[in-house]
Amino acid sequence: MKSPIRVAVTGAAGQIGYALLFRIASGAMFGPDQPVILQLIEAPVEKALKALEGVAMELDDCAFPLLKGIVQTDKPEVGFKDANWCLLVGAKPRGPGMERADLLKDNGKIFIGQGQIIDAVAAADARVAVVGNPANTNCMIAASQAKRLPPERFTAMVRLDQNRAQTQLAKKAGVDLTDVRDIFIYGNHSPTMFPSFAHATIKNQPATKVINDLPWLQGPFCEIVGKRGAAIIAARGASSAASAANALVDHVRSLVTPGAIHSCAVKSNGAYGFDPNVWAGMPVKTTTVGSYQVLPSYPMDDFAKSKIAATNKELVEERSFVAEMIKG
Ligand code: NAX
28 MKSPIRVAVT
38 GAAGQIGYAL
48 LFRIASGAMF
58 GPDQPVILQL
68 IEAPVEKALK
78 ALEGVAMELD
88 DCAFPLLKGI
98 VQTDKPEVGF
108 KDANWCLLVG
118 AKPRGPGMER
128 ADLLKDNGKI
138 FIGQGQIIDA
148 VAAADARVAV
158 VGNPANTNCM
168 IAASQAKRLP
178 PERFTAMVRL
188 DQNRAQTQLA
198 KKAGVDLTDV
208 RDIFIYGNHS
218 PTMFPSFAHA
228 TIKNQPATKV
238 INDLPWLQGP
248 FCEIVGKRGA
258 AIIAARGASS
268 AASAANALVD
278 HVRSLVTPGA
288 IHSCAVKSNG
298 AYGFDPNVWA
308 GMPVKTTTVG
318 SYQVLPSYPM
328 DDFAKSKIAA
338 TNKELVEERS
348 FVAEMIKG
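So that you can map any letter, position 99 of the sequence shown is 126 in my numbering, and since no number is skipped, the others follow by simple counting.
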């Protein structure tokens, strides 16, 4: 048996947390031979901490053989201590009438603090995956505070968008989901994201050829994927939770599986025209456990370039809203 790894999860008593923790403890994220210690972090709010107690009781009641310990805390310095993976799910939701700039600033404060504490107390090999929205910019903010951990250790999740796009292509083509490959998400986890269909394949043929409906791919397809989160809220009365938790399992699983090729929001190195100071979704290939390289060579046509320019513009704007905060 391997020695346990420590997995810190913020927002652990939230709805994504509730769909996520049991999957981690069952081995879905790190594999069936990797024991885990869950370090569950909640906001210092009585109701949330009480709910967390209940979640921990249920985890105990599952008798997961791989679960070797549970820490419950509202103190990030305790929760992130020696963590090998820090999954930043908790964030302040956008309230009614709240401006995006204010949401960014409120969350900015949370992610500045968490970035500093992770850098100070997490394990030497720590990796950070951000889900809490606005995920790309929150990730950039947390990474900006790290002096010890390099920026490549900080990724944000666009995997839910990739999964959504894969399913939509499979439905349109009337094929099995597994026949659809190489569909990647570029840019922000927001309606401006670009699901780049031009390089996707269906049964090893170009998806554009199999679907043979460019207006649908450029229009409704991009729109359905970009606005899927809102459609779920409209239908369910609550935001995506199980699918988001599942996507985080996929995100991390791919990052610990050498050879996996997947969409991930990472620090831009200028590839695809992204500003080098933003975290943007793009295709990456996992090299060694927890490390990856950007696959920079998918050619882009004018349509793709304009979509990427739009999502890049939004990321640069988000960054400008918090530029003052991350200076020091
Ligand atoms: P919930 O509101 O159900 O849960 C959030 C939890 O975070 C709460 O229990 C809250 O007490 C806790 N929290 C708040 N501030 C905290 C802090 N400073 N430290 C620790 N815990 C803190 O939200 P949920 O539905 O679980 O969603 C969590 C986040 O994921 C939201 O920001 C949401 O927008 C985002 N999403 C991101 C997605 C993505 O693909 N990147 C998709 C799904 C989801 O919308």
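Glycine included, each C-beta is placed from N, C-alpha and C at the ideal position.
If you compare the alpha carbons of 305, 143, 257 and 283 with that of residue 174, the shortest gap goes to 143. Going by C-alpha positions, residue 156 is about 10 Å away from residue 35.
Apart from the 5 residues on each side of it in sequence, residue 296 sits with its Cβ closer than 7 Å to the Cβ of 303 and 321 in its chain, given in chain order. Collapsing the DSSP output to three states places residue 260 in a helix. It is roughly 44 Å from the alpha-carbon of residue 197 to the alpha-carbon of residue 102. Taken in chain order, the unbroken stretches of beta strand (DSSP E) that lie wholly in the stretch 170-248 and span 3 residues or more are 181-183, 211-213 and 221-223.
Apart from sequence neighbours up to five positions away, the residues of its chain that approach residue 104 with a beta-carbon distance below 8 Å are 144, 147 and 148, ordered along the chain.
Residue 103 carries a helical assignment under DSSP once its states are collapsed to helix, strand and coil. Straight across, the Cα-Cα distance linking residue 228 with residue 77 is about 47 Å. Looking only at 170, 47 and 95, the smallest Cα-Cα distance to residue 28 is reached by 95. Here residue 169 has 115, 138, 139, 141, 142, 145, 155, 157 and 181 as same chain residues with Cβ atoms under 8 Å from its own Cβ, once five neighbours each way along the sequence are excluded. Within the DSSP bridge table, the entry for residue 313 names 319 as partners. Remark: C-beta atoms of residue 213 and residue 331 approach each other more closely than 9 Å.
Judged by their CB atoms, residue 292 and residue 134 are not nearer to each other than the 9 Å cut-off. Contact between the stretch 119-132 and the stretch 53-67 is not established, with fewer than three Cβ pairs separated by less than 8 Å.
Annotation for residue 195: 248, 251 and 252 place their beta carbon closer than 7 Å to its own, counting only its chain and skipping 5 residues before and after. Within its own chain, the residues whose Cβ lies closer than 8 Å to the Cβ of residue 315, once the five positions on either side in sequence are excluded, are 285, listed in chain order. When the Cα atoms are used, residue 211 and residue 298 turn out to be separated by approximately 14 Å. Residue 44 has its CB nearer than 8 Å to a heavy atom of the ligand NAX.
In its chain, beyond the 5 residues on either side, 253 and 254 have a beta carbon closer than 6 Å to the beta carbon of residue 218. Contact annotation: residue 99 and residue 268 have beta-carbon atoms that are not nearer than 9 Å. At a Cβ-Cβ threshold of 9 Å, residue 187 and residue 216 count as neighbours.
Relative to residue 318, the option among 338, 191, 234 and 177 whose CA is nearest is 177.
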